[in-house]
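Contents: one structure, followed by commentary.
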Amino acid sequence: MYPDHTPQRAVEVHHPTPIPPPVVHSAPVVPVQPGTVPTVASIVLPDGQVVTGYAIDAARPEPVTPKPAVSRAAVNVALGGVGFLAVCGGLLLLTSFIDALTAFITQLIVLAAVCFGGWISVQVFSASGHRAGTTVNIRKAVIKRNHFRG
Numbered sequence: 134m135y136p137d138h139t140p141q142r143a144v145e146v147h148h149p150t151p152i153p154p155p156v157v158h159s160a161p162v163v164p165v166q167p168g169t170v171p172t173v174a175s176i177v178l179p180d181g182q183v184v185t186g187y188a189i190d191a192a193r194p195e196p197v198t199p200k201p202a203v204s205r206a207a208v209n210v211a212l213g214g215v216g217f218l219a220v221c222g223g224l225l226l227l228t229s230f231i232d233a234l235t236a237f238i239t240q241l242i243v244l245a246a247v248c249f250g251g252w253i254s255v256q257v258f259s260a261s262g263h264r265a266g267t268t269v270n271i272r273k274a275v276i277k278r279n280h281f282r283g
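For the sequence shown, position 113 (counting from the first letter as 1) is numbered 246 according to this note's numbering, and the numbering increases by one without interruption.
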């Protein structure tokens, strides 16, 4: 390397710096309702120091409500479809009932017309029986110049 420079190894020594103990301040006393004072816990560290503080309860996760296997929207759509089918079936039955009632009334009208027409035809074309009314015999008459001479 350099002719007048001889490489030397430098040794560095690191010494840990001790951490001074913390300054303890007294905390102000806060009035607390009886029965709500949290528990105080003390822990002894390996070097002999005692740490005192309030015990913290472990965070409890909120209970998770299980999701249903089928969503509410799907159930509502299915129930709507069932209701629609019930209404359509009812309307189909109603129209069938109206068609049947119309056919029944038509048959009654035709039956009445046939019976009444038959009774009328029997009355008109029957040869037996006495007819009420006046019998007029028409003789040979001569009509001359708008005068009737008979």
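Just so it is clear, CB atoms sit at the ideal spot from N, CA and C, and this is done for glycine as well. Bear in mind that the values here come from a model prediction, so they are computed numbers and not experimental data.
query = Which of helix, strand or coil does DSSP assign to Ser229?
reply = Ser229 falls in the helix class under three-state DSSP.
key: Integer-rounded CB distance, given that Tyr187 should sit under 8 Å from Val173   = 6 Å
task = Name, in chain order, the residues that DSSP records as bridge partners for Ala174.
result = Gly186
inquiry  = Nearest by alpha-carbon distance to Pro154: which of Ser229, Val255 and Gln182 is it?
reply    = Checking every option, the nearest Cα to that of Pro154 belongs to Gln182.
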